[in-house]
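In our numbering, the protein residues as written are 8 to 283.
Cβ coordinates follow ideal geometry from the N, Cα and C atoms, glycine included.
Bear in mind the structure is a predicted one, so any value in this text is a computation, not a measurement.
Structure record follows, encoded as structure tokens.
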Amino acid sequence: MRKPRFHISFENKLRILFAIVLLEFGMFILSGASFSFLHGNPFFSINVDPVFWFFYLPGLPQFITENLWLGILLDASIVLLLLRLIQYPFNNRNANMLFILLMLFYVTFMGYHAHRNFQAGFFMVFIPFLFKKESNKFFAFEATRYYLLFFYVSAAILKLYNNALMDPAHFSNMLSSQFTPYFLEGNTGIRTSVNLYLTDQPAITYILYLTSFFVEFILFIGFFTKKFDHILAILILIFHFANWFLMDIAPFGQIAFICLLFLSNQMSLPKPVTEN
Numbered sequence: 008m009r010k011p012r013f014h015i016s017f018e019n020k021l022r023i024l025f026a027i028v029l030l031e032f033g034m035f036i037l038s039g040a041s042f043s044f045l046h047g048n049p050f051f052s053i054n055v056d057p058v059f060w061f062f063y064l065p066g067l068p069q070f071i072t073e074n075l076w077l078g079i080l081l082d083a084s085i086v087l088l089l090l091r092l093i094q095y096p097f098n099n100r101n102a103n104m105l106f107i108l109l110m111l112f113y114v115t116f117m118g119y120h121a122h123r124n125f126q127a128g129f130f131m132v133f134i135p136f137l138f139k140k141e142s143n144k145f146f147a148f149e150a151t152r153y154y155l156l157f158f159y160v161s162a163a164i165l166k167l168y169n170n171a172l173m174d175p176a177h178f179s180n181m182l183s184s185q186f187t188p189y190f191l192e193g194n195t196g197i198r199t200s201v202n203l204y205l206t207d208q209p210a211i212t213y214i215l216y217l218t219s220f221f222v223e224f225i226l227f228i229g230f231f232t233k234k235f236d237h238i239l240a241i242l243i244l245i246f247h248f249a250n251w252f253l254m255d256i257a258p259f260g261q262i263a264f265i266c267l268l269f270l271s272n273q274m275s276l277p278k279p280v281t282e283n
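Right, here's the structure in full:
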């Protein structure tokens, strides 16, 4: 007799998903990059993204960063709401509050952060769970899934558009510049050692760069079928952790968002009720 395959219920998958968001936000706190740690930060700039102005013109992020206890309260609220959502994963009110708070955190963080390419997935992951009606939840999931796929496929297209694939030394030069702060600080470790080795190996770095292009572009398959979503999710997760190891670009903020692909086969329209 064939043994049943290991199965995780949809409810427990949601718990794992929200636990990953909690882990990611915990990493922000430990890294000194949460609401409370932004208190009194003198560095400030507004990106060209006009959406940010809806938050900054009323002075909301500025008000938060000027009040330490408010920042601590917001950090604690996010953690408590995530714990509550892990306990009750179908509570869309908690999902709504977390979406608003984490989007506000993202906008605030971007105003005080030097890089503008930071992942927004840690609040977008809640979009499919903002709705109570199952059909609305399904369509929101579909829209979010397509955006996720487009996010990576467009990155691959940009590599083609910028002719980066035509330059064998492109990735090697990028590696050298990414680890400059570590070299200036005299940091010695496995990542810096690998970085130093690869900067002198343009053939290997070119193969790695081509691999990253194909991993991003292969998500194009997802526009036509959900059959391989779990494989695509694993590939992108490996891509992000490899990117952290080689480029020092942390994946935190995007992991849970990618893990939405593991739910694809269980997100469907509710069956219509038929009268007998």
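#1: Quick one: grab the DSSP three-state call for A40.
#2: Measure the Cβ-Cβ separation of L105 and F133 and say whether it is below 9 Å.
#3: Examine the Cβ distances between the segment 207-214 and the segment 222-242 and report whether three or more of them are shorter than 8 Å.
#4: Beta-carbon within less than 6 Å of D82's beta-carbon, same chain only, minus the 5 sequence neighbours each way: which residues are those?
#5: Who are the near neighbours of F246 in its chain, counting only those whose CB is closer than 6 Å to its CB and skipping five residues on each side?
#6: Starting from Q185, trace the alpha helix (DSSP H) both ways and give me its first and last residue.
#7: Assign G118 to one of two classes, buried (16 or more other C-beta atoms within 10 Å of its C-beta) or exposed (fewer than that).
#8: Let's see if you can read the secondary structure: which residues bound the alpha helix (DSSP H) around F224?
#9: How many angstroms separate the CA atom of F136 from the CA atom of Y204?
#10: Less than 7 Å between C-beta atoms, sequence neighbours within five positions excluded: which residues of the same chain meet that for N170?
#11: Per DSSP, what kind of secondary structure is S16 in: helix, strand or coil?
#12: What are the start and end residues of the alpha helix (DSSP H) that includes D292?
#13: Give me the Cα-Cα distance between L226 and V160, rounded to the nearest whole angstrom.
#14: Counting along the chain, where does the alpha helix (DSSP H) carrying V114 start and finish?
#15: Taking contact to mean 3 or more Cβ pairs, one atom from each stretch, closer than 8 Å, check whether the segment 82-95 and the segment 25-41 are in contact.
#16: Quick check on the burial criterion: 16 or more other C-beta atoms within 10 angstroms. Buried or exposed for P258?
#17: Beta-carbon within less than 6 Å of S179's beta-carbon, same chain only, minus the 5 sequence neighbours each way: which residues are those?
#18: Tell me the rounded alpha-carbon separation between F264 and F25.
#19: What first and last residue would you give for the alpha helix (DSSP H) that runs through N202?
#20: Around the Cβ of T281, are there at least 16 other Cβ atoms within 10 angstroms (buried) or fewer (exposed)?
#21: Could you spell out the range, first to last residue, of the alpha helix (DSSP H) harbouring L253?
#22: Considering just the uninterrupted stretch of the alpha helix (DSSP H) at T232, what are its terminal residues?
#23: For L92, report the span of its alpha helix (DSSP H) as first-last.
#24: Using CA coordinates, which residue listed in F224, F235, N202 is at the minimum distance from A249?
In terms of the structure at hand:
#1: Three-state result, A40: coil.
#2: yes
#3: With a cut-off of 8 Å, the segment 222-242 and the segment 207-214 do not count as touching, because too few Cβ pairs lie within range.
#4: S41, F42, S43
#5: V222
#6: 177-185
#7: buried
#8: 209-224
#9: 45 Å
#10: none
#11: coil
#12: In this structure the chain extends from 8 to 283, so residue 292 is not present and cannot be described.
#13: 6 Å
#14: 99-118
#15: yes
#16: buried
#17: T206, P209, T212
#18: 10 Å
#19: 197-206
#20: For T281, the predicted model reports a pLDDT of 47, less than 50, meaning its position is unreliable; a value from the coordinates is still stated below. Exposed: under 16 other Cβ atoms inside 10 Å.
#21: 236-254
#22: Where T232 is concerned, there is no enclosing alpha helix (DSSP H), given that its DSSP letter is neither H nor E.
#23: The continuous alpha helix (DSSP H) containing L92 extends over residues 75-94.
#24: N202
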